[in-house]
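Counting in my numbering, the sequence shown runs from 973 upward without gaps.
Note that beta-carbon positions come from the ideal geometry of N, C-alpha and C, so glycine has one too.
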Amino acid sequence: MSTLLSRIISAAIILILLKQPKQDLYIDSYLSIRPEIETITKILKIGIPTGIENGMFQFGKLVIQSTVSTMGTTAIAAQAMVAMLESFACQASIGIRLGMMSVVGKCVGAKEYEQARHYIILLTKYAWIACFICCATILFPIKQITSLAGMETKSAKLAIWLTRIVFTYKMIF
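Okay, here's the thing in C-alpha cells:
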C-alpha cells in the first residue's frame, strides 16, 4: 500500500508540474495526448523479448533454489553464501555495463558506429578485468570469509568448493 500510495502521489505531482507553462517542458491539455502506435510498436519489439528473457532467468533461479532446498540446510547455507559473494563480485562489471549503455547510446545517436564499436570492445575488456579482479579478491581469502560469516564446517567447505568452481568459471568466461 505504501508503494502504491507513493507512486500515486508522485504521479499527481508530475501531472501538476507538467501543466505549468513556465516549465521548459509542459502540456497544454492532457486530452490532446494521443498514443503513437509506431513508437509503441518499436518499444514493445524490444520490451517483450526482454521481459521474456528476464522471466526465463527468474524461472531458472527458482528451479535452482527449489533444487537446492531439497538438499538440506548445508546446501542451502552454502548456496546462499555463494550467491551473495557472486552478487558482490559482479558489481564493478555491472557499473561498467551501465556506463557502456550511455556511452554507446550517445555514439549511436551521433551515428558514430565505429566509435560505438570501439567503446563496446574497450569497456567489455574493462568489465572483464574488473570481474577478474573482484573474483580473485574474493576467491583467495574465501576461507577467511566463510569463517567470518560463522558458517558451520560442512557448509563452509561446500561454499568454498562452490565458490572456487563458480568464480573460476566467471574469471575465464
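- Nearest to Q1063 by C-alpha distance, out of I1093, C1079, A1049, W1100, is W1100.
- In the DSSP assignment, F1031 falls within the unbroken alpha helix (DSSP H) covering 1009-1041.
- In this structure, V1076 places its C-beta atom within 8 angstroms of the C-beta atom of Y1091.
- Per DSSP, the unbroken alpha helix (DSSP H) holding R1136 starts and ends at 1125-1144.
- Less than 8 angstroms separates the beta-carbon of K1142 from that of C1107.
- In the pairwise beta carbon analysis, the stretch 1109-1125 is classified as not touching the stretch 1019-1036: fewer than three pairs are separated by under 8 angstroms.
- Cβ-Cβ distances below 7 angstroms link S1065 to A1099, A1102, C1103 in the same chain, with the five nearest sequence neighbours on each side left out; the list follows chain order.
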